[in-house]
Structure formats: C-alpha cells, structure tokens
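Each residue of the sequence shown is one higher than the last, beginning at 67 in the working numbering.
Built from N, CA and C at the ideal position, the CB exists for glycine as well.
Here the structure is a predicted model, which means the values were calculated and not measured.
Right, one structure below, let's go through it.
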Amino acid sequence: MTEETMDSIPQHYSALQDRIARFEARVAVVGLGYVGLPLALTACETGFDTTGVDVDAGRVARINAAEHVISYMPGDRITRAVEGGRFRASSDPADLTAADIVLICVPTPLDAQNAPDLSFVTAAAREIARRLRPGQLVVLESTVWPGATAQVLRPILEESGLRAGRDFFLGFSPEREDPGNHDFNTQTIPKVVGADDPQSLALVEQFYNAIVARAVPVSSSACAEAVKLVENSFRTVNIALVNEMKVALDAMGVDIWEVVAAASTKPFGYMPFYPGPGIGGACIPVSPAYLSWRAGDVGSATPMIDLARSSNDAVPGDLAARTCRELGLDAEGAAPLAGRRILLMGIAYKRDVEDTRRSPALALLDRLEEMGAQVDYHDPYFPRMAEGGEYPHLAGRMSADLTEAALAGYDAVIVTTDHSAPDYALVARAAPLVLDSRNVFAKLGLTVAPGRLVKV
C-alpha cells in the first residue's frame with residue numbers, strides 16, 4: 067500500500083485486525099439454528115469469546131443449560147463451550163453492542179408465492195443497526211440472492227449514520243453446513259468470503275482463516291452470494307436428473323442404484339447422485355428459487371433450473387401414484403386409497419437429522435391422505451410432530467411403534483428416510499409390501515420375500 071492509502075485507512079480497521087490476530091475480538095452470532103450454533107461453537111473453540119443471540123428464549127435457555135439441542139453434534143460440545151466460559155446464549159439484542167464481529171445466520175425461506183423471504187435478515191439488520199458502532203464487522207451467512215448484502219442489508223445498517231467500508235465493515239460468507247455429515251464440519255469446510263471494499267474483505271478473510279481450515283476470497287459480496295446458489299442449483303439439477311433416470315431405467319428393468327454404483331467407478335467426468343422421494347431441507351429446494359427469482363428480476367432466466375425444481379417437486383406425488391399401482395389400484399380414481407393403511411418410515415428430510423423443513427416425506431404423507439389412505443409414520447427423531455411448519459394440520463401426530471403385529475396391519479410400508487435406528491430386519495420380515503425409496507434394504511443386505519419389496 068502507498069503512504070496515502072495507509073493514511074486513508076481508519077484506525078478502527080487496524081484495531082480490529084489486531085484484536086482478531088490476538089483472538090481478543092468478541093463475536094456475536096445472530097440465529098442459533100443448524101448453521102448459527104455450530105458456527106458460534108467453532109468461533110468459541112478456536113479462542114474467541116462468543117455470544118449467540120436468538121429470539122427463541124426457550125432454545126436459549128436449553129443451550130445455556132447445555133442440553134443436546136442438535137442430535138448429530140457431539141453430546142458434550144455445548145457443555146464444554148458453556149462451562150469453558152467463552153460461550154453463552156442470549157435472547158437480548160442488547161448483547162450485540164459489545165461485539166466486534168456480528169455474524170448473521172437467520173432463516174431465509176420462500177414466501178407463499180415461492181419468492182425470497184428476507185424478513186428475518188431485515189429484522190436482524192434493524193436490531194444490529196440500532197447498536198452499530200465504528201469498527202464493527204458484520205457478516206451475512208444466510209442464503210440470499212446476488213446483490214442482497216449491498217442492496218438490502220447495507221442500506222438498513224447505514225440508517226445508523228455509519229458508512230460501510232469507512233465506519234464499519236460488511237461482508238458475506240455463504241454457510242456450507244451439511245447436517246449429519248461426519249466427514250466434514252464447520253471447521254474443516256473451506257469458507258468462501260466476499261465484500262465490496264478491500265478493508266472489509268481483508269477483515270472477513272482474516273477472521274474466517276482464524277476459525278476454519280481455509281477462507282477463499284472472491285471479488286465481491288454478490289459473487290460470494292452466487293456461490294451458494296450455484297452449489298445448490300447444481301445439486302437440484304442432478305437430483306432431478308437421477309430421479310428421471312430412475313423412472314426410465316425401471317421401465318427397462320434396470321436398477322438405477324446398481325447403475326450409479328458402477329458409474330461411480332469412473333475416476334473422472336462423473337459424480338454420483340442418488341434417487342429418493344424428493345428433495346428437502348432449507349438449502350437445496352430454496353437456493354435455486356433465489357437464483358431463478360433474481361435472474362427474472364434482471365431480465366434473464368434459468369429454464370433448466372426451473373424444470374429441475376418442478377421435476378423434484380413432483381416426486382412425492384409420483385410416489386403416491388406408484389403406491390396405488392403397486393397395490394393394484396387406479397391412481398386416477400376418486401379416493402383410490404380409501405380404506406388402505408400405509409406407514410411411512412421417516413418424516414425427516416434427511417438421514418439421522420431432526421429436521422422436517424420442506425421434507426418430501428410430509429408432502430407424500432399429505433398426498434396419500436388426500437387420496438384416502440390412513441397414514442402413520444415412524445421416526446425416532448420425531449416422537450410427536452411439532453407445531454408450525456409447512457403442514458400445520460399434521461402437528462401433534464405421534465410416531466407409531468414398530469412391532470411385528472403393527473407392521474402386518476399395514477397395506478404398505480414406504481421407506482422415505484433411511485435413519486440408522488429402525489429395525490429394518492423386522493420390517494423386511496413383517497411388512498406385506500415395502501416400497502424402498504432409499505435402497506436401504508440392499509445396503510443392509512436384508513432379504514425380503516419375493517414380490518414384497520419394490521424399489522421406487
């Protein structure tokens with residue numbers, strides 16, 4: 067840097083650099099869900115005093131009591147953080163005032179029209195703006211459309227009278243959490259970082275390099291925002307493709323699972339994706355919608371992504387129709403499943419995770435009941451369906467017990483989530499018809515009597 071450039075850098079920029087380097091910067095994480103809590107614990111574990119701020123006072127109390135609020139995390143991780151004195155949770159936004167670094171990890175769902183809903187981001191931004199002071203670094207991690215950090219977050223923060231890049235610093239780093247992944251975690255996954263001025267970018271890169279394996283800087287916040295959307299759109303398109311191939315190959319008498327396993331032996335030019343009952347979670351169904359919405363907003367289009375989204379959304383309905391056919395019924399008839407009893411194995415969107423956000427299993431359950439079936443579910447992570455969510459009318463349902471007598475009483479059992487806990491050997495032995503959308507019986511080497519197992 068030239069002497070003139072150095073003179074133009076505010077003193078609080080250098081002060082924050084020093085505080086990060088000495089692990090003296092105080093960190094606040096807004097939102098203590100599946101992204102924010104692991105991130106807060108990671109910052110704490112690497113040496114930063116960290117406060118997690120969440121509007122859910124009940125969740126805050128459970129975290130401060132060191133309860134195991136995320137099942138796939140090590141059981142003592144929260145305990146060690148709380149007892150170590152470097153971490154606490156709070157429901158008071160006033161605790162943002164003392165922070166040097168504020169990380170925003172709030173939900174960014176879709177609204178009723180499947181358009182981006184940034185209401186949680188804007189609410190968090192207003193709380194931060196009321197307390198913003200010179201020298202703070204604010205980083206958004208929530209999934210947003212390219213340009214949202216600059217066009218939505220920054221103006222709200224600047225209502226404080228402070229200016230980004232001069233008085234405070236602002237950047238974006240897309241979350242890359244993969245719930246239940248035991249091979250990669252917050253600390254070991256590289257973090258893309260972007261900002262719209264060099265000082266902000268340098269601080270964001272320095273901070274994340276201090277808490278994760280590697281920070282990957284890009285030229286702008288919009289570029290960093292696009293990275294997350296591209297990653298998940300890639301997955302959306304390929305999941306739609308493999309589900310389409312599943313149907314076509316099944317009609318040819320070919321097992322898609324065997325094909326994918328064999329294709330995976332190619333050491334280049336191929337990446338395996340696996341069929342299932344549809345897509346779920348807060349990322350894969352949502353990120354492509356943000357990209358598509360933004361493309362339309364700027365006069366462009368993403369027809370391949372839009373087709374993949376539509377194809378994925380149709381999978382639960384197609385599976386319901388396939389269930390009818392396997393039971394010898396006409397899926398086009400009025401209430402074709404009336405009087406039939408069906409059990410869904412799993413309502414979580416993913417294996418061994420207590421999360422039903424946009425779960426295809428719930429979409430399937432809803433569709434089966436629309437077709438007249440009496441539907442139960444078994445899921446060890448959901449003894450009782452919680453309130454709220456996309457299907458509020460399902461709240462209060464209880465997980466059914468797996469017994470030989472109970473299984474024999476169902477017309478069909480559909481494996482929708484391949485949790486590791488259930489007794490699949492019992493299902494194989496007792497269920498009169500099993501529709502396996504996860505290939506779990508083959509993976510476990512379980513034999514089901516001929517004519518009673520269908521891969522779907």
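With fewer than 16 other CB atoms across the displayed protein chains lying within 10 angstroms of its CB, Phe250 is exposed.
Following the DSSP letters along the chain, one finds Tyr79 inside the alpha helix (DSSP H) bounded by residues 77-87.
Burial is judged here by how many other beta carbons sit within 10 angstroms of a residue's own beta carbon; Gly394 has fewer than 16 and is exposed. By the 16-neighbour rule on beta-carbons within 10 angstroms, Thr368 is buried. Of all alpha-carbon atoms in His78, Ala94, Asp372, the one lying nearest the alpha-carbon of Ser299 is that of Asp372. Checking the DSSP bridge columns, you'll see Ile408 partnered with Val441, Ala478.
Less than 7 Å divides the Cβ of Val135 from the Cβ of Arg128. When the alpha-carbon of Ser239 is set against those of Arg424, Gly113, Val282, Ala508, the nearest one is in Val282. Residues of the same chain with their beta carbon placed closer than 8 Å to that of Pro516 are lacking, with the five preceding and five following residues left out of the count. With a cutoff of 7 Å on beta-carbon distance, Val96 and Ile144 are scored as not near each other. When DSSP states are grouped into helix, strand and coil, Pro182 belongs to the strand group.
Cβ contact annotation for Ile222 (same chain, cutoff 7 Å, sequence separation greater than five): Thr188, Ala191, Arg192, Ala195, in chain order. Uninterrupted beta strand (DSSP E) stretches at least 3 residues long and entirely within the stretch 110-151 occur at 116-119, given in chain order.
Cβ-Cβ distances below 8 Å link Arg280 to Pro256, Lys257 in the same chain, with the five nearest sequence neighbours on each side left out; the list follows chain order. With respect to the 7 Å criterion, Val270 and Gly231 are not classified as neighbours on the basis of their beta carbons. Sorting Phe153, Asp166, Val210 by C-alpha distance to the C-alpha of Ala181 places Val210 at the top.
Look at the beta carbons and you see the stretch 147-164 not touching the stretch 316-328: under three pairs across the two are nearer than 8 Å.
Assigned with DSSP and collapsed to three states, Asp418 falls in coil, not helix or strand. Its chain contains Ile144, Thr145, Val148 as the residues whose beta carbon lies nearer than 7 Å to that of Ala132, once the 5 sequence neighbours on both sides are disregarded; these appear in chain order. For Ser156, the three-state secondary structure derived from DSSP is strand.
Inter-residue distance for Phe507 and Glu392 is about 18 Å (C-alpha atoms, whole angstroms). Asn378 is classed as buried because its beta carbon has at least 16 other beta carbons within 10 Å across all chains shown.
In this structure, the CA atom of Pro402 is about 29 Å from the CA atom of Pro488. Shown here, Pro283 sits in a strand according to DSSP, grouped into three states. Bridge partners of Val204 according to DSSP: Val168, Leu236. Straight-line measurement puts the Cα of Gln202 at about 53 Å from the Cα of Val313. Counting of Cβ neighbours within 10 angstroms places Asn247 among the exposed residues, the total staying below 16. A residue is called buried once 16 or more other Cβ atoms fall within 10 Å of its Cβ, and Arg88, having fewer, is exposed. Excluding five sequence positions before and after Ala292, the CB atoms of its chain that fall closer than 8 Å to its own CB belong to Pro212, Leu357, given in chain order. Bridge partners of Met464 according to DSSP: Arg450. Here the stretch 477-493 does not lie against the stretch 454-464, with fewer than 3 beta-carbon pairs under 8 Å apart.
The continuous stretches of beta strand (DSSP E) do not include Val270, which lies in the alpha helix (DSSP H) extending over residues 264-277.
Judged by beta-carbon spacing, Val500 lies beyond the 7 Å limit of Val522, meaning their Cβ atoms are not closer than that value. Judged by pairs of C-beta atoms under 8 Å, the stretch 432-452 touches the stretch 461-469, as three or more such pairs exist.
For Val325, the uninterrupted alpha helix (DSSP H) run begins and ends at 322-329, by DSSP. In the three-state reduction of the DSSP assignment, Asp502 falls in the strand class, which pools E and B.
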